[in-house]
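Asks: The opening position of the sequence shown corresponds to residue 1342 in this note's numbering, with each subsequent residue numbered one higher. Please see the structure below; I have some questions.
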Amino acid sequence: MAPVIINLEKRKIKKIIILLFIFIILNKNDAFSNENGKILSFVAGCYGCHTNNTEKPFGGGYKIKTKFGVFISPNISKDSLNGIGTWNKEDFIKAVKKGISPNNRPYYPAFPYNWYVNMSENDILDIYEYIYSLPAISNKTTNHDLKFPYNIRELLWFWKFIDKIVSNKKDIDNSKQYKRGEYLVNSVAHCGACHSPRTFLSIIKDYNNLSGQKESSKILNDAIPNISNDINNGIGLWSNSDLIFFLQTGIKPNGDFAEENMSLIIENGTKYLSLNDLKEITKYILKNNN
Ligand code: HEC
Ligand code: HEC
1342 MAPVIINLEK
1352 RKIKKIIILL
1362 FIFIILNKND
1372 AFSNENGKIL
1382 SFVAGCYGCH
1392 TNNTEKPFGG
1402 GYKIKTKFGV
1412 FISPNISKDS
1422 LNGIGTWNKE
1432 DFIKAVKKGI
1442 SPNNRPYYPA
1452 FPYNWYVNMS
1462 ENDILDIYEY
1472 IYSLPAISNK
1482 TTNHDLKFPY
1492 NIRELLWFWK
1502 FIDKIVSNKK
1512 DIDNSKQYKR
1522 GEYLVNSVAH
1532 CGACHSPRTF
1542 LSIIKDYNNL
1552 SGQKESSKIL
1562 NDAIPNISND
1572 INNGIGLWSN
1582 SDLIFFLQTG
1592 IKPNGDFAEE
1602 NMSLIIENGT
1612 KYLSLNDLKE
1622 ITKYILKNNN
């Protein structure tokens, strides 16, 4: 009798171990996709731009001052009344990639969908899941305070039309395999939204050019440095570890701290990136293989 009992016990233990194993794997997968959504929601700026009060994540109300007036970010928490709680996944992908609302109205490009157009749908859905995993925030945000004629939303159709002709941005090209660094810089983290030169109506001609903006508005004093690998005007003399350290801590090779918007981009964004992703970003910007 004894060996049979022992065998039974062994089988039971085996079963328990296998179940435990499956349980761990399933939970790990969940945790992983949620973790990806969380990190990307920081790196893409969704959290930073849509959070005015850290106790109300994604509750909106953050002010973006531009020469066209002040934009006030909407509540994108899962609250059904004041947030996006009634949206389905397709609505969310359309807004993020195309800049068009569920009832087909155009969004202002202060919401950087022109960069997110090349984000993978899986990454966007991970962000959606992450936002939906958090509590609903009932914060009601106010309207943008824009100057005439920028306050006429319908004119954005015209803007989108000109933007398409003038810029080199292509619509989503699924066949293109982005390298990780290029994907993070030119799509998710949208470094060019600030570091690329802009022409009339804030249109960006070349999305891959990170040569900076000379002071574009006297009132806002918003000159932005060249971060291309140019030795004289850009950051061509920075080493890869200089740039990685900067994107983690905000400290430059000369000991200065990042200022203004850049410190927020680091604080709410790039410092959450894995070392591997930071290495890929650096290789892409400094155009080397170190
Ligand atoms: C630089 C600031 C900024 C960043 C970064 C940003 N947004 Fe926004 N977002 C805005 C603004 C401003 C609007 C309002 C646009 C308008 O009224 O046309 C907006 C609108 C939206 C809307 C539409 C909400 C509604 O009620 O119609 C969604 C959804 C959204 N953003 C999600 C995201 C996600 C997801 C990310 C990250 C992948 C993100 N945003 C990153 C500024 C930002
Ligand atoms: C919201 C606008 C904005 C975005 C987005 C942004 N930056 Fe910046 N960045 C700035 C501003 C403003 C400065 C100048 C302030 C300073 O040097 O402290 C700056 C400075 C820098 C500098 C220092 C350059 C120098 O010569 O001192 C580097 C490097 C940099 N940014 C890299 C990046 C990278 C990489 C990304 C994308 C992951 C990025 N930035 C996204 C606004 C932005």
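Heads up, the beta-carbon is just placed ideally off N, CA and C, and yes, glycines get one too.
Within its chain, find whatever has a CB closer than 6 Å to the CB of Tyr1625; leave out the 5 residues flanking it on each side and keep chain order.
Replies: Cβ neighbours of Tyr1625 beyond the five flanking positions: Gly1522, Glu1523, Val1526.
Asks: In this structure, does DSSP put Ile1425 in helix, strand or coil?
Replies: Coil.
Asks: Nearest-angstrom Cα distance between Ile1358 and Pro1398?
Replies: Each residue's Cα considered, the two are about 39 Å apart.
Asks: Between the Cα of Ser1418 and those of Gly1410, Pro1453, Gly1401, Arg1494, spot the shortest distance and give me the residue it belongs to.
Replies: Ranking Gly1410, Pro1453, Gly1401, Arg1494 by Cα distance to Ser1418 puts Gly1401 first.
Asks: Does ligand 1 have a heavy atom nearer than 7 Å to the CB of Val1458?
Replies: Checking every heavy atom of ligand 1 against the Cβ of Val1458, none is found closer than 7 Å.
Asks: Do Ser1552 and Gly1577 count as a contact pair if the criterion is CB distance below 8 Å?
Replies: Their beta carbons are not under 8 Å apart, which means Gly1577 does not touch Ser1552 by this criterion.
Asks: Do Asp1486 and Leu1381 have their CB atoms nearer than 8 Å?
Replies: Not in contact: Asp1486 and Leu1381 (Cβ atoms no closer than 8 Å).
Asks: Given 7 Å as the limit, tell me if Ile1441 has its C-beta closer than that to any heavy atom belonging to ligand 1.
Replies: No; taking the cut-off as 7 Å, the Cβ of Ile1441 has no heavy atom of ligand 1 nearer than that.
Asks: Is there at least one non-hydrogen atom of ligand 2 closer than 7 Å to the beta-carbon of His1391?
Replies: Result no, Cβ not under 7 Å from ligand 2.
Asks: Quick one, which of Glu1495, Thr1482, Ser1537 has its alpha-carbon nearest Gly1440's?
Replies: The option with the nearest alpha carbon to Gly1440 is Glu1495.
Asks: Whole angstroms are fine: how far does the CA of Asn1423 sit from the CA of Asp1583?
Replies: Approximately 43 Å between the Cα atoms of the pair.
Asks: Looking only at DSSP bridge pairs, what is Gly1410 linked to?
Replies: Thr1407, Leu1487, per the DSSP bridge assignment.
Asks: Apart from the five residues just before and just after Val1411, which ones in its own chain have a Cβ nearer than 8 Å to its Cβ?
Replies: Correct list, in chain order: Lys1404, Ile1405, His1485, Asp1486, Leu1487.
Asks: Is it true that the CB of Val1529 sits closer than 8 Å to the CB of Met1603?
Replies: Not in contact: Met1603 and Val1529 (Cβ atoms no closer than 8 Å).
Asks: Kindly indicate which residue of Lys1408, Pro1447, Ser1414, Ile1465 has the alpha-carbon position closest to the one of Lys1430.
Replies: Minimum Cα distance to Lys1430 is reached at Ile1465.
Asks: Would you report the Cα separation of Ile1606 and Val1384, rounded to the nearest angstrom?
Replies: Rounded to whole angstroms, Ile1606 to Val1384 spans 8 Å at the Cα level.
Asks: Buried or exposed, going by whether 16 or more other CB atoms sit within 10 Å of the CB of Met1342?
Replies: Note that Met1342 scores a pLDDT of 49, beneath 50, so its modelled location is shaky; the value from the coordinates is reported in the next line. By the neighbour-count rule (16 or more Cβ atoms within 10 Å), Met1342 is not buried but exposed.
Asks: Leaving aside the five residues before and after Trp1498 along the sequence, list all residues of the same chain whose C-beta is less than 7 Å from its C-beta, in chain order.
Replies: Pro1447, listed in sequence order.
Asks: Name the two residues that bound the continuous alpha helix (DSSP H) containing Met1603.
Replies: Here the alpha helix (DSSP H) through Met1603 covers 1601 to 1608.
Asks: Is any heavy atom of ligand 2 found at a distance shorter than 7 Å from the C-beta of Thr1407?
Replies: No, the beta carbon of Thr1407 sits no closer than 7 Å to any heavy atom of ligand 2.
Asks: So, at 7 Å on beta carbons, what are the nonlocal neighbours of Tyr1469 in its own chain, with the 5 sequence-adjacent residues on each side left out?
Replies: Closer than 7 Å at the Cβ level, and outside the excluded window around Tyr1469, lie Lys1430, Phe1433.
Asks: Between the Cα of Asn1617 and the Cα atoms of Glu1608, Asn1609, Asn1631, which residue gives the shortest distance?
Replies: Of the candidates Glu1608, Asn1609, Asn1631, the one whose C-alpha sits nearest the C-alpha of Asn1617 is Asn1631.
Asks: According to the neighbour-count rule (16 or more other Cβ atoms, all chains shown, within 10 Å of its Cβ), is Ile1622 buried or exposed?
Replies: The residue in question, Ile1622, is buried, as its Cβ has 16 or more Cβ neighbours within 10 Å.
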